Amino acid sequence: MKIKRSDQLNNAEYASAIDTGLSRVFDGAPRSWRKWRRKAAATRIAVEARDLKIVVFSDLHRGSGDGADDFRRSHRAYRAALGWYRAQGYELWLLGDVEELWENSAAEVLEEYEAVLQLEKEFLGEGPGLRRFYGNHDLDWSKRARVEAVLGSWLGGTSVLESLCLEVREDGEPLGLLFFVHGHQGTPGSDKMAWISRIAVRRVWRGVQRAQGWVATTPAQDSAIRSKHDLAMFAWAKARAQTEAPGQRPVLVAGHTHHPVFPGTLPVVPTETELRTLRDELANAGDSAIRARIAARVELMAAQMWEEPYDVPAIDPPCYFNTGCCSFPDGDVTCLEFSGEMLRDPNMSDKEDGRGKIRLVRWLNNDGEPVPHELAAKSLREILSAVNASDAR
5 MKIKRSDQLN
15 NAEYASAIDT
25 GLSRVFDGAP
35 RSWRKWRRKA
45 AATRIAVEAR
55 DLKIVVFSDL
65 HRGSGDGADD
75 FRRSHRAYRA
85 ALGWYRAQGY
95 ELWLLGDVEE
105 LWENSAAEVL
115 EEYEAVLQLE
125 KEFLGEGPGL
135 RRFYGNHDLD
145 WSKRARVEAV
155 LGSWLGGTSV
165 LESLCLEVRE
175 DGEPLGLLFF
185 VHGHQGTPGS
195 DKMAWISRIA
205 VRRVWRGVQR
215 AQGWVATTPA
225 QDSAIRSKHD
235 LAMFAWAKAR
245 AQTEAPGQRP
255 VLVAGHTHHP
265 VFPGTLPVVP
275 TETELRTLRD
285 ELANAGDSAI
295 RARIAARVEL
305 MAAQMWEEPY
315 DVPAIDPPCY
325 FNTGCCSFPD
335 GDVTCLEFSG
345 EMLRDPNMSD
355 KEDGRGKIRL
365 VRWLNNDGEP
375 VPHELAAKSL
385 REILSAVNAS
395 DAR
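Note that the sequence shown ends on residue 397 in the working numbering; no numbers are left out.
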């Protein structure tokens, strides 16, 4: 049977494919599957809320340092972030597509970014901890023997996971469930037929990137598919919030789309009225410097209205988060912080202190300084309580 491409699937077909893929990982493969395709349910570990202190990055797409390397622009911000989180005692979780193995050999990448790997390794041993997950672009790490042979010296014997369920507890009583997975599961080109996509990327796209200097900030063919994927992952998490027992309703934390998603935050789309008002200000402005600033705002607003809007779903209940990526063209990186500590650090500003919260942050800050810039934040307890509330069914 011919497998449709992602852009050939309607919304219902696409959501169904993602539902099947995520359910396979979360629940384990059905008994009817062939033996070689059986998979156990996602690994589960428990943590007391007061001990929770994790930062999650995804989609670094580390390459070989050439024109096709999407990470080379962002590695400075990423290294700054690692220094910060190591000193703050955060565990480091890398949620897939860390190495770009569709375009490069593992040896090329590890040699180019040896210093970054060494920083990550410092989270092991006496450090707070390191966990790695695999995505579709570093699917090689799904093979234990391959991990031991190539990454063994960097991971100290730890395995690379497909997914993990983190049971958050308070004095032994369940508060909620965080489900971490890259998010490519179920898609035709990134999961079922990933080997074909890999050949096309390595033999065609890498050469184009090198020649033209183009960057790839999304695994999808266009923004419509990226939006469709976010909607599908949210639909899966919402359905689970309506069917699982309280305490077992997963808050999905994923990457893959390269688009940060945080419940309660939606993109601000300018209106025609706002644009007309700003143009009136421009017409009445006398000072040339003021006119220049207003003219720039007018054109920025007009460009935002001209672009096809990115349709981010309203995440209710707050059951789906996305890390964004570490390969933005402007060199920024985004990540998610999870902290159960409720005591505030008096040496930090409110925008720097993430205790007791889930936070979406960007590195570097608006002034280019190596400190986190808070994009969104909510109480961890409130998020878990909302998903597990009785009216979520």
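From the three backbone atoms N, C-alpha and C, an ideal C-beta is built for every residue, glycine too.
Please read all numbers here as calculations on a predicted model, not as lab measurements.
C-alpha distance - residue i paired with residue j, whole-angstrom precision
i    : j    : result
R48  : L168 : 6 Å
R363 : Q252 : 22 Å
L86  : A380 : 20 Å
V59  : L182 : 13 Å
G71  : T275 : 38 Å
V391 : L99  : 22 Å
G161 : D320 : 39 Å
D23  : S146 : 21 Å
A198 : G328 : No answer about A198 holds up, because its pLDDT of 45 lies below 50 and its placement is not dependable.
L384 : D142 : 30 Å
Y324 : A293 : 44 Å
L56  : R80  : 27 Å
D175 : W88  : 29 Å
E95  : R54  : 14 Å
V2   : D144 : Here the chain comprises residues numbered 5 to 397, so residue 2 is not present and cannot be evaluated.
Three-state secondary structure (DSSP) of residue i
i    : result
F238 : helix
G180 : strand
W367 : strand
K125 : helix
L98  : strand
H233 : helix
L143 : helix
S62  : coil
V375 : coil
E248 : coil
S157 : helix
E130 : coil
R359 : coil
P192 : helix
E152 : helix
R76  : coil
R253 : coil
A380 : strand
A258 : strand
N- and C-terminal bounds of the alpha helix (DSSP H) containing residue i
i    : result
G87  : 79-92
L286 : 276-288
T24  : 15-31
I387 : 384-391
L114 : 110-116
G292 : Note that residue 292 corresponds to Ser in the displayed sequence, not to Gly. Per DSSP, S292 belongs to the alpha helix (DSSP H) from 292-310.
Counted within 10 angstroms of its Cβ, other Cβ atoms place residue i as buried (16 or more) or exposed
i    : result
A91  : exposed
T261 : buried
N108 : buried
E166 : buried
Q189 : buried
P333 : exposed
D74  : buried
G360 : buried
N140 : buried
A367 : The amino acid at residue 367 is misidentified as Ala; the sequence shows Trp. It counts as buried.
E130 : exposed
S163 : exposed
R136 : buried
W97  : buried
S231 : buried
D195 : Its pLDDT being 48, under 50, D195 is placed unreliably in this model, and the coordinates cannot settle the point.
D234 : buried
T281 : exposed
Same chain, Cβ closer than 8 Å to residue i, five either side skipped, listed in chain order
i    : result
N370 : H377
V113 : R66, G67, S68, E103, E104, L105
Chain-order list of residues whose beta-carbon lies under 6 Å from that of residue i (same chain, five-residue window excluded)
i    : result
A19  : A236, A239
L279 : M305
A289 : R295, I298
L388 : L179, G180
D31  : A45
W209 : Confidence is the limiting factor: at W209 the pLDDT is only 39, short of 50, which leaves the residue's position unreliable, though a coordinate-based value still follows. Counting only Cβ-Cβ distances below 6 Å, and skipping sequence neighbours, we find nothing.
L26  : Q189, W240
N-terminal and C-terminal residue of the beta strand (DSSP E) that residue i is part of
i    : result
L340 : 337-343
Y324 : 324-326
E174 : 167-174
A50  : 47-52
Close-in-space but distant-in-sequence residues of the same chain around residue i (CB under 7 Å, 5 per side omitted)
i    : result
C330 : F61, D63, L64, F75, S78, Y82, V337
R283 : V302
V4   : Residue coverage of the chain in this structure runs from 5 to 397, which leaves residue 4 outside it and unanswerable.
A84  : W367, L368, P374
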